[in-house]
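Protein chains in written order, with our numbering: chain B, 28 to 271; chain W, 28 to 271. Heads up, the beta-carbon is just placed ideally off N, CA and C, and yes, glycines get one too.
This is the structure we're talking about:
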């Protein structure tokens with residue numbers, strides 16, 4: 028029985044790598060992942076074998092990792108953020124039935140909802156939803172239903188994949204749906220390149236967010252009725268009587 | 028200007044501490060936190076000053092941390108999990124107006140939604156909600172509204188604080204509300220003492236979850252219509268055509 032570790036490495040820099048993730052990467056025979064992330068590890072571990080595939084070839088990447096593990100090597104599949112939130116943990120577990128000799132272990136990592144929130148302040152201090160606006164794997168009507176439900180529940184909403192070249196209007200459409208219920212002056216924020224060179228962020232209103240030109244490296248936060256701007260930070264108040 | 032770092036330390040053991048969190052703790056003059064967590068650090072850092080308060084005295088703890096930072100010392104306020112998800116980042120930022128000489132920096136950590144999901148499999152592979160069943164700071168009718176909205180949106184739901192001695196019926200009430208919409212055979216799971224000695228977990232149905240006797244050290248996961256049990260793991264499928 029060989030082990031395939033599916034490992035979140037956080038938002039990019041070493042700062043947010045956990046001890047467990049580092050141990051798993053150091054002890055693996057084979058490191059597997061999206062070309063861009065894995066290239067950062069090549070120079071540090073010259074003796075390891077590397078398996079990479081570009082974007083959109085996630086399932087092929089999973090198959091290659093499974094084959095490597097099935098042949099008896101210890102494999103670390105690395106994912107940015109957390110492996111279990113829009114990462115590779117799910118497809119690998121789905122594939123496990125065909126590779127019953129591979130033991131899959133999931134190693135948690137810092138996902139963008141958590142790392143991006145820390146940049147803006149404390150927007151997720153109370154109940155929240157995480158929604159991806161990518162309709163590659165989820166039909167757009169389902170995404171719309173979830174946006175409406177999130178607004179009806181007065182949740183804070185963290186949005187992954189807010190827009191891309193092929194989906195330039197998704198964020199504007201999502202904001203319009205949220206504004207059916209949430210006021211246009213709801214406090215929002217976005218963070219780009221979290222924890223990496225060129226990190227930038229902005230706090231703005233939901234009305235302004237609808238016109239923002241962002242990209243797939245950006246994570247968006249939409250406040251709830253308790254979200255405020257305090258000293259330039261986005262903060263969702265949680266009922267503590269702090270300022271009395 | 029002195030700095031107060033609000034630092035998530037993950038679910039408990041060193042395994043899930045990030046590099047950044049360890050650096051912040053090592054460089055701080057003062058470590059502040061809930062008695063139980065901070066006691067684990069005392070023996071390791073005998074030269075540091077420690078400030079602790081028991082449960083339910085969070086705001087007093089924040090004031091003491093602010094006073095220490097305001098006096099010119101570097102302070103690390105440690106929180107289990109992530110500081111920005113039901114942690115101390117929010118109340119400290121709310122309090123910042125009264126201590127304008129303190130620079131507050133939030134250091135993200137592995138929250139129980141992420142670490143618990145990794146134990147069960149990959150339950151949060153698609154859009155999800157995080158809801159706390161504690162009505163200490165949020166009125167119960169608001170929690171009910173959010174549970175109904177989460178079910179209406181076919182979200183996976185991660186539940187914090189599912190029950191306690193003072194709230195023995197909250198989880199059963201929450202399950203009843205979710206079952207107004209979600210089928211009773213919806214795949215669910217719970218994890219207790221994540222990443223710590225005595226970790227245990229179970230995968231069960233929503234109907235069975237309604238009768239489960241859990242506690243405040245447990246995190247609960249309720250699946251969506253795409254959640255399955257595969258090889259004993261709880262997995263939310265995300266539309267990849269993996270098993271063809």
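For chain W, find out if any of its Cβ atoms is closer than 8 Å to the Cβ of residue i; answer yes or no.
| i | result |
| --- | --- |
| residue 120 of chain B | yes |
| residue 172 of chain B | yes |
| residue 220 of chain B | no |
| residue 145 of chain B | yes |
| residue 182 of chain B | yes |
| residue 3 of chain B | The structure shown does not extend to residue 3 of chain B, since chain B spans only 28 to 271, so no value can be given for it. |
| residue 101 of chain B | no |
| residue 142 of chain B | yes |
| residue 14 of chain B | Outside the shown range of chain B, which is 28 to 271, sits residue 14 of chain B, and nothing can be said about it. |
| residue 86 of chain B | yes |
In whole angstroms, what is the alpha-carbon distance linking residue i and residue j?
| i | j | result |
| --- | --- | --- |
| residue 96 of chain W | residue 105 of chain W | 14 Å |
| residue 78 of chain B | residue 66 of chain B | 10 Å |
| residue 221 of chain B | residue 63 of chain B | 16 Å |
| residue 102 of chain W | residue 86 of chain W | 16 Å |
| residue 136 of chain B | residue 200 of chain W | 32 Å |
| residue 168 of chain W | residue 161 of chain W | 12 Å |
| residue 258 of chain B | residue 125 of chain W | 11 Å |
| residue 242 of chain W | residue 83 of chain W | 17 Å |
| residue 223 of chain W | residue 193 of chain B | 44 Å |
| residue 219 of chain B | residue 117 of chain B | 26 Å |
| residue 267 of chain W | residue 152 of chain W | 11 Å |
| residue 173 of chain B | residue 182 of chain W | 7 Å |
| residue 180 of chain B | residue 204 of chain W | 14 Å |
| residue 289 of chain B | residue 48 of chain B | One cannot answer for residue 289 of chain B here, as it falls past the ends of chain B, which runs 28 to 271. |
| residue 246 of chain W | residue 60 of chain B | 30 Å |
| residue 107 of chain W | residue 31 of chain W | 17 Å |
| residue 202 of chain B | residue 236 of chain B | 7 Å |
| residue 88 of chain B | residue 215 of chain B | 35 Å |
| residue 80 of chain W | residue 163 of chain B | 48 Å |
| residue 128 of chain B | residue 29 of chain B | 7 Å |
| residue 51 of chain W | residue 111 of chain W | 16 Å |
List the endpoints of the continuous beta strand (DSSP E) containing residue i.
| i | result |
| --- | --- |
| residue 103 of chain B | 102 to 106 |
| residue 35 of chain W | 29 to 35 |
| residue 137 of chain W | Run containing residue 137 of chain W: none; DSSP gives neither H nor E here. |
| residue 224 of chain B | Segment: none, residue 224 of chain B is in no beta strand (DSSP E) and carries neither H nor E. |
| residue 117 of chain W | Run containing residue 117 of chain W: none in the beta strand (DSSP E); it sits in the alpha helix (DSSP H), 116 to 122. |
| residue 61 of chain B | 57 to 61 |
| residue 78 of chain B | 76 to 80 |
So, is residue i buried or exposed, given that buried needs 16 or more other C-beta atoms within 10 angstroms?
| i | result |
| --- | --- |
| residue 70 of chain B | exposed |
| residue 271 of chain W | Below a pLDDT of 50, predicted positions are generally treated as unreliable, and residue 271 of chain W, at 47, falls in that range; the measurement from the model is reported next regardless. With fewer than 16 other Cβ atoms within 10 Å, it is exposed. |
| residue 113 of chain B | buried |
| residue 260 of chain W | buried |
| residue 154 of chain B | buried |
| residue 252 of chain W | exposed |
| residue 264 of chain B | buried |
| residue 109 of chain B | buried |
| residue 98 of chain W | exposed |
| residue 73 of chain B | exposed |
| residue 189 of chain B | buried |
| residue 53 of chain W | exposed |
| residue 123 of chain W | buried |
| residue 148 of chain B | buried |
Could you confirm whether any beta carbon from chain B is found closer than 8 Å to the beta carbon of residue i?
| i | result |
| --- | --- |
| residue 264 of chain W | yes |
| residue 157 of chain W | yes |
| residue 257 of chain W | yes |
| residue 112 of chain W | yes |
| residue 104 of chain W | no |
| residue 177 of chain W | yes |
| residue 235 of chain W | no |
| residue 117 of chain W | yes |
| residue 260 of chain W | yes |
| residue 61 of chain W | no |
Residues bridged to residue i by DSSP?
| i | result |
| --- | --- |
| residue 159 of chain B | B:187 |
| residue 130 of chain W | W:30 |
| residue 216 of chain W | W:230 and W:248 |
| residue 261 of chain W | W:148 and W:256 |
| residue 194 of chain B | B:191 |
Confirm the yes/no value for this check: CB of residue i, any heavy atom of the ligand ATP, distance under 7 Å.
| i | result |
| --- | --- |
| residue 83 of chain B | No copy of the ligand ATP occurs in the structure displayed, which carries no ligand at all. |
For residue i, report the span of its alpha helix (DSSP H) as first-last.
| i | result |
| --- | --- |
| residue 50 of chain W | 46 to 54 |
| residue 207 of chain W | Counting along the chain, residue 207 of chain W falls outside any alpha helix (DSSP H), and DSSP gives it neither H nor E. |
| residue 170 of chain W | 167 to 179 |
| residue 243 of chain B | Residue 243 of chain B -> no alpha helix (DSSP H), and no H or E assigned at all. |
| residue 97 of chain W | 85 to 97 |
Original post:
What residues in the stretch 124 to 140 of chain B have a beta carbon less than 7 Å from any beta carbon of chain C?
Top reply: Judged by its chain identifiers, the structure shown contains no chain C, and its protein chains are B and W.
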